Each structure stands twice: as C-alpha cells, then as structure tokens.
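Student: Here's a structure for you.
As structure tokens, this is what we get:
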C-alpha cells in the first residue's frame, strides 16, 4: 500500500553513541471549546507544520477537554508512546484552566513562583494599564524543575520537561503566543535533537482544475514518483494542492528528489500551477505584478470586498494595488464606475456587459494597468431560472482589451465568494502571463 | 475542581427498557495533511458542534495519518471506548485514500458495488462534463452490510455501521460534503438515539474588553453560576467569547439554567456583549441596522476591504450595505472620497483628520445614514516613532456628527486587520445604540 511506504517503523531512539534522538511526536490540545467545536484547532496545524519541518514524524494529534482525569490519561498514554509531546491550552488566568496543575502532578513537582515570569506579567499588565490581580500573579507559578519558556507575547509561560529520554513541552493555547514560544524557544532546540531520517514536503498549488481531472492529467503516478515519493491531492474551494512527500537521510537528499518530482508534474500541469510551496494565489499574483511593474484596481459586486481584502493581506501590496470599490448597489456602479444605467436596465447587473463596463470603468478611474471586475449572484436568494445562484462574470481590462469569463459556482455564500475571488485572481494571473 | 463538575461519569448506555442509548462520542480525522498541518481540522470542529447539540459528550478527537495500521488501531481503540465514532477523510478517488479498505477489514465485510451510488457518481460527472474513469467507478464500492449515506454533494458515499450497540459513521473529508451528510443523514438518527443527560451550551460574544478585565468585571463566579453551570472565557482577536455550559436531564431544563446565568452576566457586562449565540458581529450589526432601517457605506484603507467583505458575508446585507471603497492610494482618497489633498499632506493619511474626512466623504457620496472609515498602519513596514505599526483611526459620520476613535493593535498584518475591522464594526454598533 503506497500510503504507508514512507511511514517510518518504530526504531531505536538512541544513536550509536548512546545519545538520545527523537523521531516521533504527538500533539495534545486541551480545551472543551475545541472538543465541542467552538474553536477550530489551528494550533495543532501550526505545530504539525513546524514539527514536520524539523524532521519529527507527527503520529497522532489528540484533543481532550478541560478535565483533570482526561488530561492526565492523555499525558500518560502519549508520553509513553512517543519521543516528544507538545501540549497546548488550559494555561490562562481563569478558573477553567487546569493544565498546569495536571502537569505538576504528572511530573511529581510542586508549583513555585518564578521571579522572571512574575516580572514579565507585571510589566505586560502595566503597559496596558491593567491592575495586577491574584489570578495574574498565579501565572508566575511553574512546576519545580521545568525549563521556563518565557512568554514575551502574553502572561502564561511555556514549560519544558526533558526527563527519561522524553521531550515534553507545554504552551499556552492563545495562538500567537504558542507560535512565538514554539518559534523562539522550541524549534531551535528541536533542530539539535532530531536526527536520522528526514521527511520533507513540497507543495504545488493549482487553480481551475478538478481533482479527478488533475489526477488523470498526471497519468501514471509511478513514472512521476519513481517509488521515492508520495503524492497527495488536497482539494478545497481554492483549488487542488498537490503535496509531494519524501523520506531520506538528509534534508538535502530529500529536497533533490522532491524537486525532480515537482519538475515532472510541472511538465504536465504547468498552466494550472500558480505556486510552489505554501503560497496563496494573492501572494503569487502580487509577486508577478511587482516583477512586471503592473498596477491593479478592483471593482467588486458579489465578492463584496474579498478580492481587495486578499490582495491587501500581502505586505507590500501597496506597490501594485491602487484601489478597490465594492459597488454593491446599482447606483454605486453608475456613480463610481460610470457603468451606463441603460446597460444595467437592459442586461441586468449580473451580465457580461456590466462586468465589462465595470472592469473598464475601474481601470479608467484609477489609471492602473489592469482593471478586474466581478459581478454575480452569491445567494442563497436572488437567483432566477435564467440567472441561478452561483452565476458569476469576471471581467479584465488591460492594454490588450477587455475580456469576460463566465463561471457557475453553486455553493453556499461564503464558499461562493472564495471561489469567485480565486477565479478572478487566477484570471488576472493567466492574463498577465498571456495564457488568457 | 470546577472544570470537572459537569463531565458525566461513564454510565450505563442502556435505559431501563434495555434499549441502547448513546452518551459518549469520539471523532477520528484521517489524513496526513491534517497531521502535518497543511489542512486545518475544521471538520472536527463542525462535528464537535453538531454532536454536542444533540446531547452527545465528545470525549476525544484524534487525527491519524493515511496509514493502514494507524487507522485500524484508532478504529479498535475508539470503537471499544465510546458509544459513537465519527470518522472523516480518506474516501477520495485517488491512491492515497485508504479509509474504505480499512473500514471493510475492520468490520470483516467485503466491498460490493452499490447501484444507487454508481448512478450518483455518473450523474454528477456528467453534469460537469467529466468522463467516468475507473477511479470514479470505484467510489461506488461499499462494505457489505453498511447503511449507505448518499452523498448528493460529491462522489464518495458516507457509510454507517450499527453493530453490537455501537454507532460507527464514516464520511468523506471534503468539508461541505461531510457537513451535508451529517446534517441530512446522521443528525436526525442521532436525535432518536441520544437520551439521558443533556449538555447544553450558550455563548455570549463580547468585543472591546480584555479577558482578565471581563473576569474581574463579572466578580464572584459562584454567585453567577450557582453551582449549576460552567463558564469558559475564550479570547481571540475578535474579542472574548463567554461559554456557559449546563448539564441537565432535559434540554428545556438546561436552557432555563443557561438563560438565568446569561441574564446575570448581561446585568454586569451588557455594554460589551454584542450577541447571544454563535453570531458574528457583522451579523449582529446587520440585524440592528435592518431593525432601525439604517444604511451604511464603508471607506477602508488599512483594512483593505475586510469590513465590506465581512458585512457582505451576511445574506440580505444588500438592505443596509450600499457600497464600500478601498482607497489604498492617497489619490483614491482624494478622487473618490474628496478628502482634501492638503489634509493628507499636513496630517498624513493615517490621522484623525483624514479618518474624519473619509467617513464624511463616503457618507456624502453614497447618501447613506452612516459612513464609517478606517485608516491605519497594518505593517510590518511603514511604522515610525510617532505613528507605529498597529496605529489605527476609526471614523463614524452620522446624523449626530462625526467622531473618531484611536486604537493601537500592534500585531501581525492579518490579525491587525481582523482587530481593526472588529473595532470599526463594534463602534458602529455602539454608535447606533447611543453607547458611543
């Protein structure tokens, strides 16, 4: 079974000099809010990425509630089964945060006040003019004997235990605090500890092609993978991500193989691939526009500002993004973009003609190289037999003229907006590259 | 320990008539992409929500890779430990999808072609003009003896096993397919099966107050909770969510207690609470605007279209959202909003004066009741000693005049945009209610 080819079997975690080496990792997320789905577990995905990057194999990720016995049971099971355990959550200042108590009991350590942590807590609260309360002071308590991972981004410190050949790290659940503690304190230590086989991933991001069509387009995967790599197809409303995974002795060796596989895939599906690596389309397009010295203005109706939002999520977008307008009402289309009122009356606001006039209009008023427009029916209401929910027209105006693409994305409202925005950004990319 | 008061201890899963009752549930997510963090596990959070709603206690959520042995091990452990198991992922048409094979082996069933599923696959591909390939045909294979959960939103069917007093459901990993199968096929069945104690949650959403300040504002929690409920503080860049959890014999009884607790919290923190229930601020504000018959136009700089995007995520927003402009360049601020050029030169684009002119300008050109503006420094570059990254001015123009609020959100770019957009929407809400 191909899927298991690359999964390392349990091996000794000591090298020939008797030094401890880490190979397997698990992630424990603590919090009722995650179990009952009120919070999406982005912490586990962040940790999965970082741990894979340093070469650890993440074998299991688990979520348990804010319950002493459940947390203790998970600590025992996972500490016994894996070389490294990464715990997040339950370290906050309020009554429902009990992780620290369980950690202390698990390691048989008592809680003692750490002067540096207390200083940090005091300092952070003072800067925000929040008075120091007992609940804040309690955050300076840490289990005796742990390595304190100073939290410069919040008040709850991280804690690291290295005992009996195991690595056990505990971090707060607030995402940016956990991320910073991981990046500053833990990743550097892990890089020293993890050796042996390395698993590397390389991602190719595609847009505008269905998963099964892409699978067929690539043909015989054995020819592409040569028994040395795995390939996964990961579809979403933004397109299909291809993930190449390679296991090798060194990162360099793995990267060479991954690059070879990527080149073979590029040869077959280049038109659809907008990026190598975890790069979003708005960033890939931004780099392309910067490279070519082109500027862009956006006129949105049904996407409601999402395209401008995505473009401006990229630092430096000010170099190519001049302005956006969300002309939701017909009046706004007429007044800001100078779309002729008769055009809207004759063809409707959702039409090829209006998409064309919007793209021309936004390019004219902003004097950019490219104008892009989107008009469609996001739903769930407002559809007709002739113009159903999901219908969308995308216009592009540039020095070569004006073109309009028609799509149908029958989907719920927010997914529709995602898909329409992705189609618009992809059309600009292809237009700039001469592929549309 | 308060946190464990409400966790049911293992009880009999048979009622006094000997009928099978379900109490505990677990969620198994399958996919290397989730383990290594390339995909965020939104499926588990969706399932956690639905299962809690029907009264099941979600005890553990686990993620395992696309590996036969790991999946089999998880099936054995979780099927033995919990009344109901919900599995997602690994049912796609490509080679790395092995869940169906493991499920068949786990239940000792062979895979047989299901005629209805094959019809559905053929029909869906035909509609999209995709030819039927062997990989598509294989999707019609299901383990003998399972209940097929027809997937009207994709090609991979869901499967349900009810055996030896256990409930074991397997669904595709594509989020909207899983959601629809869950909602259409499984939730109705679960409602019949789950009895006994019910856990109900009620959420209050706050904005504009820090977690520890809110904790202090509420005072003695025992007075609020009366030993009958749990309260969790869930902070994010959008504010602090308060979750009240109640365990009772019936949903009605639990709801009465939750309402009592909510009323006590409202009495202390009303100003900060914009919604009861899982309602986003853009929806709460939208309802308020609709109720009052008010219209809104938005002028954004640093938030780059996010405010318009959030407002238009709400179906029916066309009733109150007239237009938005993303005046990223100074030229756009002058041309579209008629911000005087001298004002920008004298005070800078990020200033109280420009925020005021933008809010007035967008209200004037759109002739709406309210104009809201945001100008700030999203970073990571562009900050100065005097105007650091994170500085943001929010302007509101309405019949009562124009006001500007100043904030500092030193954070990474996308979180900054989230926080600034939240502060702007919250300011509009308070302004409409006469609280600002």
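Residue numbers (my numbering), protein chains in the order written: chain A, 1 to 436; chain B, 437 to 872.
Virtual Cβ for every residue (Gly too), placed ideally from N, Cα, C.
Since we're looking at a predicted model, the values are computed, not measured.
1) Do you know how far the Cα of residue 685(B) is from the Cα of residue 754(B)?
2) Could you tell me which residues DSSP puts in a beta bridge with residue 162(A)?
3) Does residue 68(A) come out as helix, strand or coil in the three-state DSSP assignment?
4) Of all Cβ atoms in chain A, is any one closer than 9 Å to the Cβ of residue 815(B)?
5) Could you name the residues of chain A that residue 774(B) contacts, counting a contact when the two beta carbons are closer than 7 Å?
6) Alpha carbon to alpha carbon, how far is residue 206(A) from residue 860(B)? Give it in angstroms, no decimals.
7) Assign residue 559(B) to buried or exposed, taking buried as 16 or more other Cβ atoms, counted over all protein chains shown, within 10 Å of its Cβ.
8) So with Cβ pairs under 9 Å, would you call residue 62(A) a contact of chain E?
9) So the beta strand (DSSP E) residue 374(A) belongs to, where does it begin and stop?
10) Sort 758(B), 646(B), 659(B) by Cα distance to residue 678(B) and report the nearest one.
11) Which first and last residues belong to the beta strand (DSSP E) in which residue 366(A) is found?
12) Where does the unbroken beta strand (DSSP E) through residue 264(A) begin, and where does it stop?
13) Can you check which of these residues, 42(A), 133(A), 396(A), 192(A), is closest to residue 23(A) by C-alpha distance?
14) In chain order, what residues of the same chain have a beta carbon less than 6 Å from the beta carbon of residue 232(A), not counting five sequence neighbours either side?
15) Which class does residue 844(B) belong to by DSSP, given the choice of helix, strand or coil?
16) Output yes if chain A places a C-beta closer than 9 Å to the C-beta of residue 859(B); else output no.
17) Which one of 694(B), 705(B), 638(B), 696(B) has the shortest CA to CA distance from residue 644(B)?
18) How should residue 835(B) be labelled, buried or exposed, when 16 other C-beta atoms within 10 angstroms of its C-beta is the threshold for buried?
19) For residue 413(A), go through chain B and note every residue whose CB falls closer than 8 Å to its CB, in chain order.
20) Give me the Cβ distance between residue 758(B) and residue 328(A), rounded to the nearest whole Å; I'm assuming they're in contact under 8 Å.
21) Can you give me the Cβ contacts of residue 583(B) inside the same chain, cut-off strictly under 8 Å, excluding the 5 residues immediately before and after it?
22) Given a limit of 7 Å on CB to CB distance, which residues of the region 268 to 293 of chain A reach chain B?
23) Along the beta strand (DSSP E) that carries residue 244(A), what are the first and last residues, could you check?
24) For residue 588(B), which residues in chain A fall below 9 Å Cβ to Cβ?
25) So which of 339(A), 406(A), 145(A) has the shortest CA-CA distance to residue 112(A)?
26) Could you compute how far the alpha carbon of residue 665(B) sits from the alpha carbon of residue 529(B)?
27) Is residue 574(B) close to chain A? Criterion is C-beta to C-beta, closer than 9 Å.
28) The alpha helix (DSSP H) that contains residue 122(A), what's its start and end?
29) For residue 644(B) and chain A, any beta-carbon pair shorter than 9 Å?
30) Since residue 86(A) contacts residue 27(A) with CB under 8 Å, what's their CB separation in whole angstroms?
31) May I ask you to report which of helix, strand or coil DSSP gives residue 467(B)?
32) Do you know how far the Cα of residue 690(B) is from the Cα of residue 525(B)?
33) To be precise: take each residue of the region 166 to 181 of chain A, compare its Cβ to all Cβ atoms of chain B, and keep it if any distance is under 9 Å. Which residues remain?
34) Please go through the same chain and pick out, in chain order, the residues whose beta-carbon is closer than 6 Å to the beta-carbon of residue 741(B), but skip the five residues on each side of it.
35) For a quick check, are the C-beta atoms of residue 494(B) and residue 483(B) less than 9 Å apart?
36) Could you tell me which of 421(A), 125(A), 372(A), 316(A) sits nearest to residue 390(A), measuring between CA atoms?
Tutor: Quick look at the numbers:
1) Between residue 754(B) and residue 685(B), the C-alpha separation is close to 43 Å.
2) In the DSSP output, where bridge partners are listed per residue, residue 162(A) has 167(A).
3) Residue 68(A): helix per DSSP, three-state reduction.
4) For residue 815(B), the answer is yes, since a Cβ of chain A falls inside 9 Å of its Cβ.
5) Taking a Cβ-Cβ threshold of 7 Å, none of the residues of chain A is close to residue 774(B); the smallest such distance is about 13 Å.
6) Their Cα atoms are separated by approximately 35 Å.
7) Counting Cβ neighbours within 10 Å, residue 559(B) comes out exposed, since fewer than 16 surround it.
8) Of the protein chains in this structure, namely A and B, none is chain E.
9) It spans 370 to 376 - the beta strand (DSSP E) in which residue 374(A) sits, taken as one unbroken run.
10) Per the C-alpha coordinates, the member of 758(B), 646(B), 659(B) positioned closest to residue 678(B) is 646(B).
11) Premise fails: residue 366(A) lies in the alpha helix (DSSP H), 352 to 366, not in any beta strand (DSSP E).
12) Unbroken run through residue 264(A) is the alpha helix (DSSP H), 251 to 269; no beta strand (DSSP E).
13) Residue 192(A) is the option with its Cα nearest to residue 23(A).
14) The beta carbon of residue 232(A) sits closer than 6 Å to those of 243, all from its chain and outside the five residues before and after it, given in chain order.
15) Residue 844(B) sits in a strand when the DSSP states are folded into three classes.
16) False, the Cβ-Cβ gap to chain A never drops below 9 Å.
17) Nearest C-alpha to residue 644(B) among 694(B), 705(B), 638(B), 696(B): 705(B).
18) It counts as exposed.
19) Neighbours of residue 413(A) on chain B, chain order: 749, 751.
20) Residue 758(B) to residue 328(A), Cβ: 6 Å. Contact.
21) Contacts found: 595, 596, 597, 598.
22) Listed in sequence order: no entries.
23) Note, residue 244(A): beta strand (DSSP E), 239 to 248.
24) Close to residue 588(B), with beta-carbon spacing below 9 Å, lies no residue of chain A; the smallest spacing is near 12 Å.
25) When only C-alpha atoms are compared, the closest one is 145(A).
26) Cα-Cα distance, rounded: 46 Å.
27) Not closer than 9 Å to any Cβ of chain A, the Cβ of residue 574(B) fails to qualify, so no.
28) 115 to 127 is the extent of the alpha helix (DSSP H) around residue 122(A).
29) No, its Cβ sits nowhere closer than 9 Å to a Cβ of chain A.
30) Going by Cβ atoms, the distance from residue 86(A) to residue 27(A) rounds to 5 Å, so yes, they are a contact pair.
31) Residue 467(B): coil per DSSP, three-state reduction.
32) Between residue 525(B) and residue 690(B), the C-alpha separation is close to 34 Å.
33) If the cut-off is 9 Å between Cβ atoms, the region 166 to 181 of chain A has 174, 175, 176 near chain B.
34) The residues are 762.
35) Result yes, Cβ atoms of residue 494(B) and residue 483(B) sit closer than 9 Å.
36) The option with the nearest alpha carbon to residue 390(A) is 421(A).
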